[in-house]
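Under this note's numbering, read the sequence shown as residues -1 to 223, first letter to last. The C-beta atom is built at its ideal place from N, Cα and C for all residues, glycine as well.
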Amino acid sequence: MEMVVLTGAGMSAESGIPTFRGAGGLWEGHRVEDVASPEAWRHDPQLVLDFYNARRRHLLTCEPNEGHRILAKWSQRISVQIVTQNVDDLHERAGSPHILHLHGELMKARSLSPEGETSVMKTWEMTLRDRCPFGFPVRPDIVWFGESVPMMDVALELVQRTSCLLVIGTSLQVYPAAQLAHAAPDHAEVIVIDPAAEELSVHNARMMGMKASEGLQILDREWFG
Ligand code: NAD
């Protein structure tokens, strides 16, 4: 079997990382436009850095949950390609080998050089004084609202040729990522795991209205006994 797993903020909820929509459209008390957009970066870069520094600092206290671990375990037996909207590194830390981050990575800095090289951060803190090895300033390696999603075409191709698509913990409100949930071929098995599954509309999908770890434990028993 060969599978693509599209994950969103709900995948990491059981690790103690709050979802975005869960807080009434606010992200940790902020309007996304104020902290996660190119305009915010131009207008108040320190506020943006403070926001992401806090997210990074919190992430270092979080651990992968049972759901992350089940997906990593499956990848030892079948091909599992994770396509995540999450910026945390919990799929990596659980041991999943194939992960595509649609919206960037919290633990990476991106150079403001024309090439935009990225580097793994050694601490939770990014400051306005930080420079890349070539002397350029850096920014969080996050795809902000209003920016294009460079990995979207690659992700779309993966979904379009899969035989099984799992959609876990995403409200499917953020585009273009949300269109991936509808892009699997007609013959593919599509499964949605989300406590709010009844609010989502995904064509021909098996809807599992429960938490990520619960749904994945059920599938683990069904598929691998
Ligand atoms: P969202 O917050 O819009 O939706 C979260 C979804 O997860 C909801 O449908 C909710 O019902 C579901 N959910 C809640 N608890 C769950 C659980 N235990 N198991 C399974 N599902 C659960 O998230 P989104 O669709 O990913 O969009 C938010 C955007 O904000 C993304 O682009 C993402 O980059 C960013 N974000 C990332 C993180 C992270 O990296 N962990 C956290 C918050 C927001």
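Exercise. Sorted by chain position, which residues of the same chain lie with C-beta nearer than 8 Å to residue 87's C-beta, five sequence neighbours on each side aside?
Worked result: 57, 103, 104 and 105
Problem set entry | Neighbourhood of residue 61 by C-beta, 8 Å cutoff - its chain only, sequence neighbours within 5 removed | 13, 88 and 91
Problem set entry | Under the three-state DSSP convention, the category residue 70 falls into | helix
Exercise. So, using beta-carbon positions, are residue 44 and residue 110 closer together than 9 Å?
Worked result: no
Exercise. With respect to 8 Å, is the separation between the Cβ of residue 84 and the closest non-hydrogen atom of the ligand NAD below this value?
Worked result: yes
Problem set entry | the stretch 165 to 185 contacting the stretch 128 to 136, beta-carbon criterion three pairs below 8 Å | no
Exercise. According to DSSP, is residue 213 helix, strand or coil?
Worked result: helix
For this session: Flag residue 211 as yes when its Cβ comes closer than 8 Å to any non-hydrogen atom of the ligand NAD, and as no otherwise.
Result: yes
Exercise. How about residue 68 and residue 211: do their beta carbons lie closer than 9 Å?
Worked result: yes
Exercise. What residue does the alpha helix (DSSP H) around residue 42 start on, and which one ends it?
Worked result: Unbroken run through residue 42: none, as it is neither H nor E.
For this session: Go ahead and pull the three-state DSSP assignment for residue 152.
Result: helix
For this session: Could you say which of 49, 108 and 84 lies nearest to residue 101 if we only look at CA atoms?
Result: 84
For this session: Grab me the residues of residue 193's own chain with a C-beta within less than 7 Å of its C-beta, minus the 5 sequence neighbours each way, in chain order.
Result: 207, 208 and 209
Problem set entry | Beta-carbon spacing of residue 0, residue 77 below 9 Å | yes
For this session: Check whether the Cβ of residue 216 sits closer than 8 Å to any heavy atom of the ligand NAD, and report yes or no.
Result: no
Exercise. Do you know offhand how far residue 33's Cα is from residue 26's?
Worked result: 10 Å
For this session: Could you tell me which residues DSSP puts in a beta bridge with residue 135?
Result: 129
Problem set entry | Best match in 183, 7 and 114 for proximity to residue 239 [C-alpha to C-alpha] | No information on residue 239 is available, as it lies outside the stretch -1 to 223 that the chain covers here.
For this session: Quick one: using the 10 Å Cβ neighbour count with 16 as the cut-off for buried, is residue 138 buried or exposed?
Result: buried
Exercise. Would you report the Cα separation of residue 75 and residue 141, rounded to the nearest angstrom?
Worked result: 32 Å
Problem set entry | Close Cβ partners of residue 225 (< 7 Å) along its chain, the five nearest in sequence each way excluded | Here the chain has residues from -1 to 223 only, and residue 225 is not among them.
Exercise. Where does residue 202 land, buried or exposed, given buried means 16+ other C-beta within 10 angstroms?
Worked result: exposed
Exercise. Who are the near neighbours of residue 178 in its chain, counting only those whose CB is closer than 7 Å to its CB and skipping five residues on each side?
Worked result: 4, 81, 153, 154 and 157
Exercise. Can you name, in chain order, every residue of its own chain whose Cβ lies under 6 Å from the Cβ of residue 221, other than the five neighbours on each side?
Worked result: none
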